[in-house]
Every structure is written in structure tokens, then in C-alpha cells.
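*Asks:* Chains A and B are the protein sequences, given in the same order. Numbering of the first sequence is given in our numbering, commencing with residue 9 and proceeding in unit increments. Numbering of the second sequence is given in our numbering, commencing with residue 754 and proceeding in unit increments. A virtual CB, placed ideally from N, CA and C, is assigned to each residue, including glycine. Have a look at this one.
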Amino acid sequence: MVEDSTAHGGRVLLDGADVARTIARMAHQIIEKTALDDDAGPRVVVIGIPTRGTTLADRLAANIAEFAGVQIPVGYLDITLYRDDLRDKPHRPLERTAVPQGGIDGALVVLVDDVLYSGRTVRAGLDALRDLGRPAAVQLAVLVDRGHRELPLRADYVGKNIPTSRQEDVQVHLTEHDGLDEVVLR
Amino acid sequence: MTRHLLSIADLDRDSATGLLDEAQRFEQALTGREVRKLPTLRGRTVMTVFYENSTRTRVSFEVAGKWMSADVINVGASSSSVKKGESLRDTALTLRAAGADALIIRHPASGAARQIARWTNEGGDGPAVINAGDGTHEHPTQALLDALTLRQRLGDIDGARIVIVGDVLHSRVARSNVLLLKMLGAEVVLVAPPTLLPVGVESWGGRAKRGESSLTVSHNLDAELPAADAVMMLRVQAERMNGGFFPSEREYSIRYGLNEKRTQLLAEDAVILHPGPMLRGMEIGFDVADSSRAAVLQQVTNGVHVRMAVLFSLLVGTDAEEVLT
């Protein structure tokens, strides 16, 4: 599907319906892979990385509640203070951090972000998680994997793989932040 | 260019509000955690240089630095070469040469922090200097932590009526607070005996423009308490007084002390602040400081988070244009 994004310009890779379907599919995958609806399954929490990751975490949790009838705790984790490029980049404002209900000790944590690129954000997220507690396991869910990893990391749940060049920019727009749902390549 | 925090005048309304927001974020980031340690300032060296005694300010700067993994070194005047007669300039240049990324200065002379910032940044690339109290001039991080406490207790500072009581003449806390609170839209009332008010105090923070909040001066505490959203008691700074500023401690306490009886004039939800150290029985009643209206210990906790925000904003990031990745 190739069309111009009316709101932000660039080539639309996923439109609103695609985004909703993709998130729903990821929610099903999380339920299946973590055995969430099984009483013997682990305690699962989702933790979103600001800014778009927190919204995706909320939506995944809502979808999981709808499909599996299980309310899973949602948390937010700002990783700015753990970045490895703090010295070279301009000051950036801190975002909201909230530990999920019941903490993360012994839980299966699904870390959620919008775009997986170099992997450095995820690495910072893993460092930050270590200071929050000791999860039983950590999995990674991203809406878009655009390649070009600089660290040995991969996602457990990928909404869509989008091969890109480094010159391109993948932007995830979500209604709560941008007025509409779409994924744009520019 | 090295950035400093020497005076509230180094901030504008947006950057001050930004620091308060970030302090709140630091509090959120550290609550409910197993490990109260962030890697943010790893490899950075922060030196506190205190030529006057301090408990709260020095400890909270040290805690703030350590929680962000900075190496924090404390230099006290009584245990350093200052005792042997080394000048302030030589001490400052020595600490720069020893690798300080930030110097946190408390000094009895007004303007000392600015002077040190000038000396240590000649030729560029010197440390960030933070004023932790210079004589009777300013104490900007104290004003920021007071503002954060007021914002948490009152919801909003804009339009709030804050009464500052006591030894305004010798108080750097009062000056920084007046500047910051006015900037954030508060109405400020200074209450003090005429002998403890500096000349020209009415013009602190600039003349009131239309629509801007005002600064008023009063000598009658009882008259100001009923309308106050918050009252900030200042310590009587006997160590800076070389003369009779009031007849007796007893008379000062009776006229300007916030005793148990006087708190009944305050609104139910009014907040009582004190920058510490408190002289219980002098400017504040023995039990008043422990009442639910008092925010004295909340101020201390906020002091840690505010100082984390200040260190973060001064030591992290470049001025370069942001390149998104």
C-alpha cells in the first residue's frame, strides 16, 4: 500500500486499520507464547518505553484483557538516564516512569517499544530493568523492526519487519500523540 | 560553553519549571526500586566545597551525585589547605586541575560562586559551578526545592500567596525565593522587623508590571497569616549579626515567631516551610515544626531530587542541534 500520509507526509507503510490489526496479532502472540491464560503460567507484566512504547503497552494490555480475560499490570520505563549517548546529545526531558503493580521480581517482563533499530534503547532498557528488580525473564515486543542492529539483540514479537536504508526514517504515529495511527517511511 | 547555576536570574520561567518537572521525574524514577542508583553521571567528578557549615545542602548534593553514579568528593574548609592560608582562587584552580566536572560552592562572601566560575573557566572548558549559598546573596537550589514542595502541597504556585518571615536581611534563601516565586507567578509578602529588611527590598525581582505578581512588605505577622497559602520561616542568623537588630530573643520570638497559638490564624490547608536548620522556640514553635502542615522533611527529600535535576541539566548533553536516531 503506497499513499501519501495526509497528516505528516512521507510514505504510509501501515494505516490505522493495519496498526490495530498488528497490535491485536502481537497480543495474541504474547498470550500464546507466555501461556498467559494458563493458571500455571508465569506472572506477566508489560513495560512500555516512552513515548510511543508506553501507549503501545497500554493497548497491548487492553487487547490481552479482551482476548484472554486477564488484566496484566502495565508499567512505564524512561531509559533516558541509562543512555550511552548522553554526553553527545542535547539535553532531553525525562519521561514518566512507573513500576507495574506488584513490581517485576520473578515476573515475565515484556518490554515494549515502537521501533527497533540499533538496539541501544533496548540495551538501556535492560540496564534499567536490572535496577528495578529481578524478573524471571525479559521479552521484547516492537511494532516495527527496521534492521541495522548495532548490538546482539532481537525481538520476541515483531509487528512488522520493514527493511530500510540508514538514510530513511521510520515514524510510528499513534492517536494519543499524533492524532492518528500510522507507520510512515520518509 | 560551560553552564552554571549561580543565581535564580540564570533561569527563566520555562527552565525553572523544567527543573521542577525533572526533579519530579527523578522522584518517580527512584520510587519502588531495588537499586537506588542511576548510571547517568558515571565517570563524572563532582566536588562540594563548603566554607560554611551545612547538613542538608551538602548531604543532599552528595546523595544526588552518588545516586547518579558520579564520584563525589567533599572539601571542607576546616580540613583543607584553606586552613594553611590558601586563597579561594588557588583552591578553586587546584580543584579544577584535579579533575572537577562540577564545583558546588558554599562561601560566606556574597558573589564567591560567580567569582569562582570566572576564575575556573578562564580559557574555557572549566567545571560547572553551582552556588550552594554565597553570603547573604543567593541559594538557588534551596529556592527550587521550596518551589517544588509548594507545588506538591498547593497544586500550583501561580497566584499563591507566600509569606516569608524573619531575618530577610541576612537570608540568601529569602532573596532566591522571592526571585523564583515571583517568576512563577506567586504573590510574596515579606514580614520582618524593620531592622532585618535590606534597603531596596521592594524592588527585588524587578518592579511589578501590570499582570505580574507583587512583592509587599509588612511588620505585622498576625495580619498576614489568615490569607497565606504558605508561610516560610527563616532562621535568625546570629552568626551574621554584629549589633543589636532586636531587643531580645524573647521579644523577637513573641512578635515574629510562629508559635502554636499563631498557627491557629492560618488556613486549615496552609503549608509551613523552614529551610533549616530550625531554632525551635525561637522563630518556630517546638511542636509547630512537627505538625501536619509543616513540610520541613518533605523539603529535604525534594532537595535531593532537585539537585539531581540540576546536576543532570548542567553535566549531561551538549548544546548541539538534536539529531534524532
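Give me the residue from A:H181, A:Y125, A:L151 and A:K97 with the minimum Cα distance to A:P160.
*Replies:* Answer by Cα proximity: A:Y125.
*Asks:* Which residue's Cα is closest to the Cα of B:H923: B:A945, B:G785, B:D911 and B:S971?
*Replies:* Closest option to B:H923, Cα to Cα, is B:A945.
*Asks:* Going along the chain, which unbroken runs of the alpha helix (DSSP H) with 4 or more residues stay wholly within the region 815–893 of chain B?
*Replies:* Counting only runs of 4 or more, we get 841–850 and 865–873.
*Asks:* Since B:L1090 and B:V799 should fall inside the 8 angstroms C-beta cutoff, what is the C-beta to C-beta distance between them, to a whole number of angstroms?
*Replies:* Since the first residue shown for chain B is 754 and the last is 1078, residue 1090 of chain B is missing from the structure and cannot be characterised.
*Asks:* Is A:Y90 helix, strand or coil by DSSP?
*Replies:* Looking at A:Y90 - three-state DSSP - the assignment turns out to be helix.
*Asks:* Please state whether the Cβ-Cβ distance between A:I55 and A:G17 is less than 8 angstroms.
*Replies:* No; because the gap between Cβ atoms is not below 8 angstroms, this pair is not in contact.
*Asks:* Run down chain B in chain order and give the residues with a C-beta less than 9 angstroms from the C-beta of A:P101.
*Replies:* Under the 9 angstroms cutoff, chain B gives G771, D774, E775 and R778.
*Asks:* Any idea what DSSP makes of B:R795, helix, strand or coil?
*Replies:* Residue state, collapsed to three classes: coil.
*Asks:* Going by CA-CA distance only, name the one from B:D765, B:V828, B:S760 and B:E780 that's closest to B:Q1052.
*Replies:* B:Q1052 has its Cα closest to that of B:E780, out of B:D765, B:V828, B:S760 and B:E780.
*Asks:* Confirm, please, whether the CB-CB distance from B:R778 to A:L94 is below 8 angstroms.
*Replies:* No, Cβ-Cβ distance for A:L94 and B:R778 is not below 8 angstroms.
*Asks:* Along the region 75–88 of chain A, where does the CB come closer than 7 angstroms to a CB of chain B? Name the residues.
*Replies:* Flagged, chain order: D86.
*Asks:* Using 8 angstroms as the Cβ pair cut-off and three pairs as the minimum, do the region 158–172 of chain A and the region 71–86 of chain A touch?
*Replies:* The answer is no - the region 71–86 of chain A does not touch the region 158–172 of chain A, with fewer than three Cβ pairs under 8 angstroms.
*Asks:* So, with DSSP's three-state summary, where would you put A:Q109?
*Replies:* It is coil, neither helix nor strand.
*Asks:* Are B:V989 and B:Y1005 close, meaning C-beta to C-beta below 8 angstroms?
*Replies:* Cβ atoms of B:V989 and B:Y1005: closer than 8 angstroms.
*Asks:* Nearest-angstrom Cα distance between B:V1057 and B:R993?
*Replies:* So the alpha carbons of these two residues sit roughly 27 angstroms apart.
*Asks:* Are there 16 or more other CB atoms within 10 angstroms of the CB of A:Q109, so buried, or fewer, so exposed?
*Replies:* The residue is exposed, with fewer than 16 neighbouring Cβ atoms inside 10 Å.
*Asks:* In or out: A:D122 buried (at least 16 other Cβ within 10 Å) or exposed?
*Replies:* By the neighbour-count rule (16 or more Cβ atoms within 10 Å), A:D122 is buried.
*Asks:* Identify which residue in B:S967, B:D1043 and B:P947 has its Cα closest to the Cα of B:A939.
*Replies:* Minimum Cα distance to B:A939 is reached at B:S967.
*Asks:* In its own chain, which residues sit with a C-beta less than 6 angstroms from the C-beta of A:P143, not counting the 5 before and 5 after it?
*Replies:* Around A:P143: I112, A115 and V117.
*Asks:* Taking 8 angstroms as the threshold, find out whether the region 791–806 of chain B comes into contact with the region 858–871 of chain B through three or more Cβ pairs.
*Replies:* Contact between the region 791–806 of chain B and the region 858–871 of chain B is present, because at least three Cβ pairs lie under 8 angstroms.
*Asks:* Can you grab the Cα-Cα spacing for the pair A:L68 / B:N930, in whole Å?
*Replies:* Looking at the two C-alpha atoms, the distance is approximately 46 angstroms.
*Asks:* Does A:K97 come out as helix, strand or coil in the three-state DSSP assignment?
*Replies:* Coil, per DSSP.
*Asks:* Could you compute how far the alpha carbon of A:H185 sits from the alpha carbon of B:D774?
*Replies:* Rounded to the nearest angstrom, the two C-alpha atoms are 20 angstroms apart.
*Asks:* Output yes if chain A places a C-beta closer than 8 angstroms to the C-beta of B:G852; else output no.
*Replies:* Not one chain A Cβ lies under 8 angstroms of B:G852.
*Asks:* Once you ignore the five residues that flank B:L759 on each side, which residues in its own chain have a CB closer than 7 angstroms to its CB?
*Replies:* The residues are A866, R867, A870, V882 and N884.
*Asks:* Is there a C-beta anywhere in chain A that falls below 8 angstroms from the one on B:R704?
*Replies:* Chain B is shown only over 754 to 1078; residue 704 of chain B falls outside these bounds and no answer can be derived.
*Asks:* Which one or two residues does DSSP pair with A:G56 in a beta bridge?
*Replies:* Looking at the DSSP assignment, A:G56 forms a beta bridge with A:Y84 and A:V120.
*Asks:* Are there 16 or more other CB atoms within 10 angstroms of the CB of B:T948, so buried, or fewer, so exposed?
*Replies:* Result: exposed.
*Asks:* Nearest by alpha-carbon distance to B:L943: which of B:G959, B:V970, B:L933 and B:G958 is it?
*Replies:* Of the candidates B:G959, B:V970, B:L933 and B:G958, the one whose C-alpha sits nearest the C-alpha of B:L943 is B:V970.
*Asks:* Output, in chain order, the set of chain B residues within a Cβ distance shorter than 8 angstroms of A:R104.
*Replies:* Here the neighbours are R778 and Q781.
*Asks:* Taking CB distances under 8 angstroms as the criterion, tell me whether A:D122 reaches chain B.
*Replies:* Not closer than 8 angstroms to any Cβ of chain B, the Cβ of A:D122 fails to qualify, so no.
*Asks:* Among B:F999, B:E1021 and B:R842, which residue has its Cα nearest to the Cα of B:M1035?
*Replies:* Looking at the Cα atoms, B:F999 is the closest of the given residues.
*Asks:* Give the DSSP-derived three-state secondary structure of A:G24 in the structure shown.
*Replies:* Of the three classes helix, strand and coil, the one that applies to A:G24 here is helix, per DSSP.
*Asks:* Output the distance between the C-alpha atoms of B:R914 and A:E40, rounded to the nearest integer angstrom.
*Replies:* Cα-Cα distance, rounded: 58 angstroms.
*Asks:* Based on Cα-Cα distance, which residue from B:S1066, B:G1070, B:V1069 and B:V1059 lies nearest to B:T902?
*Replies:* It is B:V1059 whose Cα lies nearest to the Cα of B:T902.
*Asks:* Using CA atoms only, rank isn't needed, just tell me which of A:R131, A:T63, A:D135 and A:D46 is closest to A:R104.
*Replies:* Among A:R131, A:T63, A:D135 and A:D46, the Cα nearest to that of A:R104 is on A:T63.
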